[in-house]
Amino acid sequence: MNSLKHTVFLIIISLFISCQNEKAVKKEHPVPERKYTKSQEFTYSIWSLKNDSIRKIFKSKFSGSEITTIVSLNRIDKSRLSKADSLIVPNKFDDDFLAYSPFPYTIKNLFDVPKIAIFSYPIQAYGLYEYGELVKWGPTSLGTKANKTPTGLFFTNWKGEEVQSTVDDEWILRWNFNIENHDGVGWHQYELPGYPASHSCLRLLENDAKWMYDWAEEWILKDANTVSAKGTPVIVFGDYDFEGKSPWLNLIDKPKANDISEKELENLVEKHLAEIIKEQENREKVLNEKTIK
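So the sequence shown is numbered by our numbering: it starts at 42 and just counts up by one.
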């Protein structure tokens, strides 16, 4: 009887030690400091900017930071404000732009991925994640119907603060980060007109392009013609309804119309996760080898 008790005791101790070891080796999931744990509830109205008088009222009614929020929600930059016919406007404002995010705050199957950028063609917006947690989102303008931005999984490679376009040498691309070297596709600062207008690149507001320029990782080259390791993963997904109205206008009747569910993004990520992890492990290996040398 004593022998049986002793055996049971040893099994319990063994299981306890095993659980403790499992906790010790389990990677900690870093969560950024955020004002909220999820995007907030907003309602929207529409301003029809029919004439200069209404435009003047519009500019006097809203502060500089509020106008920044409004133009971002309408996928335009401030230079296009004078040309806009109508704009959606939130009925209350928050100083944290993340509060308006159509992207979920957390994607669980990205907990082991340090960084990833996700661009949605349908709602013309991007979301940046670190270890599965949303750290930034914003507007974009992707390719036109005739010059669509390629979709799928890409990795950032080279970057340049000011790059001359290979399509038109008069186009100067600021804070350019290439994601597809063969076709010259990358994200960069350029005019956002409120619809897909690029020649296949991923246009951004200047502050966003500059922030992402420093955030993402470049590829690692062995020599001029050989890539040792790829950069930050980038997923571009979905289709834009070029014949329909701007999707953010749907927020007036349905404030969550543009929201992307966590499940949808988890399913999207799952298709590419094996390759993302493979390239991530290879990059860590290459960096470790460079450190040893």
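Think of the CB as a built atom: it goes at the ideal place given N, C-alpha and C, for glycine as much as any other residue. Just so we're clear, the structure is a prediction, and the values are computed from it rather than from any experiment.
query: Please list, in chain order, all residues of the same chain as Thr192 whose beta carbon is under 6 Å from its beta carbon, the five residues on each side excluded.; result: Val277 and Phe278
query: Output needed for Glu63: all residues of its chain with C-beta closer than 8 Å, excluding positions within five of it in sequence on either side, in chain order.; result: Residue confidence is low: Glu63 scores 47 on pLDDT, short of 50, so the model does not pin down where it sits. Its coordinate-derived value is still stated next. Closer than 8 Å at the Cβ level, and outside the excluded window around Glu63, lies no residue.
query: Mind checking which residues open and close the alpha helix (DSSP H) that includes Thr110?; result: Gly105 to Leu114
query: Would you please state the rounded distance, in angstroms, between the beta carbons of Gln165 and Leu183? I believe it to be under 8 Å.; result: 6 Å
query: In the DSSP assignment, the alpha helix (DSSP H) including Phe99 goes from what residue to what residue?; result: Asp93 to Lys102
query: Is there contact here, the stretch 169 to 186 with the stretch 217 to 225, by at least three beta-carbon pairs under 8 Å?; result: no
query: Going by the beta-carbon positions, is the gap between Leu246 and Ser113 smaller than 8 Å?; result: yes
query: Nearest CA to the CA of Pro145: which residue from Glu259, Asn329 and Glu307?; result: Glu307
query: Which one of Thr197, Ser89, Ser142 and Phe195 has the shortest CA to CA distance from Tyr77?; result: Ser142
query: Here's a check: name, in chain order, each residue in its chain whose Cβ is nearer than 7 Å to the Cβ of Ala65, leaving out the five neighbours to either side.; result: Confidence at Ala65 is low in this model, with a pLDDT of 43, below 50, so its placement is unreliable and the value that follows should be read with caution. Excluding residues within five positions, none has a Cβ falling inside 7 Å.
query: Anyone know if the C-beta pair for Ala270 and Arg324 falls short of 8 Å?; result: yes
query: With the cut-off set at 8 Å, would you say Asn198 and Trp260 are in Cβ contact?; result: yes
query: Tell me, please, which residues DSSP counts as bridged to Val310.; result: Answer is none; Val310 lacks a bridge partner.
query: Rounded C-beta distance between Pro163 and Arg116? I'm assuming under 8 Å.; result: Not a contact, Cβ separation roughly 12 Å.
query: List the endpoints of the continuous beta strand (DSSP E) containing Asp126.; result: From DSSP, Asp126 is part of no beta strand (DSSP E); its letter is neither H nor E.
query: What do you get for His229, buried or exposed, if any count of 16 or more other CB atoms within 10 angstroms of its CB means buried?; result: buried
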